[in-house]
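Worksheet for the structure shown next.
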Amino acid sequence: MADAPDDGELQLRKFQKELSAGTVSLALLAVLGSAAEPMYGYQIAKRLESLDGVLSGKQSALYPVLRNLSAAGLLDSHVEPSVAGPPRRYYRITEAGRTTLQHWTAAWRATRDSVDAVLEGIRE
Numbered sequence: 001m002a003d004a005p006d007d008g009e010l011q012l013r014k015f016q017k018e019l020s021a022g023t024v025s026l027a028l029l030a031v032l033g034s035a036a037e038p039m040y041g042y043q044i045a046k047r048l049e050s051l052d053g054v055l056s057g058k059q060s061a062l063y064p065v066l067r068n069l070s071a072a073g074l075l076d077s078h079v080e081p082s083v084a085g086p087p088r089r090y091y092r093i094t095e096a097g098r099t100t101l102q103h104w105t106a107a108w109r110a111t112r113d114s115v116d117a118v119l120e121g122i123r124e
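Numbering-wise (full-length UniProt numbering), the sequence shown opens with residue 1 and increments by one.
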C-alpha cells in the first residue's frame, strides 16, 4: 500500500492547483498570440508541455479553458477534417484576445515582481 501524502504535500498540491488555474489562460493566450497559424488542442498542449510545467501533464485541463476563452471572445475556432482521426478544432487569438493578453501580461509581471520582492527576504 502506498504511503498517504502528508499535509505538506497536500498543501503544495492545492497551492499548485490554485496557481495553475490563473496561469493556464495567460499561457494559452501567449502561445496562440505568438503562433503564425491557428493551432489545435494537441499542438497547444505539446507547446505548453515543452515550456516545462505549465500544464503538468494534464492535457484535459486545456479544453475547458479553450472553451471559456472562446466564449469570452478572446479566441476564434473552426473545425477541419483530419486524415488521421476525428475532425480537429483549430484556435486563433482574436484582437480582443491580443488586448487581453497585453493587460494580463502586465498584471502578471507586476504580481510576479511584487511577490519576488517579498520572497527575497526569505532564506531557503
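Cβ atoms here follow ideal geometry from the backbone N, Cα and C, with glycine treated the same way. Being a predicted model, the structure only gives us computed values, none of them experimental.
(Q) If the criterion is Cβ atoms closer than 8 Å, does the pair R89 and V79 meet it? (A) Yes, the Cβ-Cβ distance between R89 and V79 is below 8 Å.
Q.
In the DSSP assignment, the beta strand (DSSP E) including I122 goes from what residue to what residue?
A. Taken as a continuous stretch (DSSP letters only), I122 belongs to no beta strand (DSSP E), as it is neither H nor E.
Q | Same chain only: Cβ atoms within 6 Å of L101, ignoring 5 sequence neighbours per side | A | Here L101 has L29 and G33 as same chain residues with Cβ atoms under 6 Å from its own Cβ, once five neighbours each way along the sequence are excluded.
Q) Which of helix, strand or coil does DSSP assign to T99? A) helix
(Q) According to DSSP, is D76 part of a helix, a strand, or is it coil? (A) strand
Q | Backbone secondary structure at P64 - three-state DSSP | A | Reduced to three states, the DSSP call for P64 is helix.
**Q.** CA-to-CA distance, V31 to I44, given in whole angstroms
**A.** 7 Å
Q: Going by DSSP, name the residue or residues bridged to Y42.
A: In the DSSP output, where bridge partners are listed per residue, Y42 has none listed.
Q.
Taking 8 Å as the threshold (C-beta atoms), are L48 and A35 in contact?
A. no
**Q.** CB contact flag (S70, S77, <8 Å)
**A.** yes
Q: Counting only the same chain and skipping the five closest in sequence on each side, list residues whose C-beta sits under 8 Å from that of T105.
A: L26 and A30
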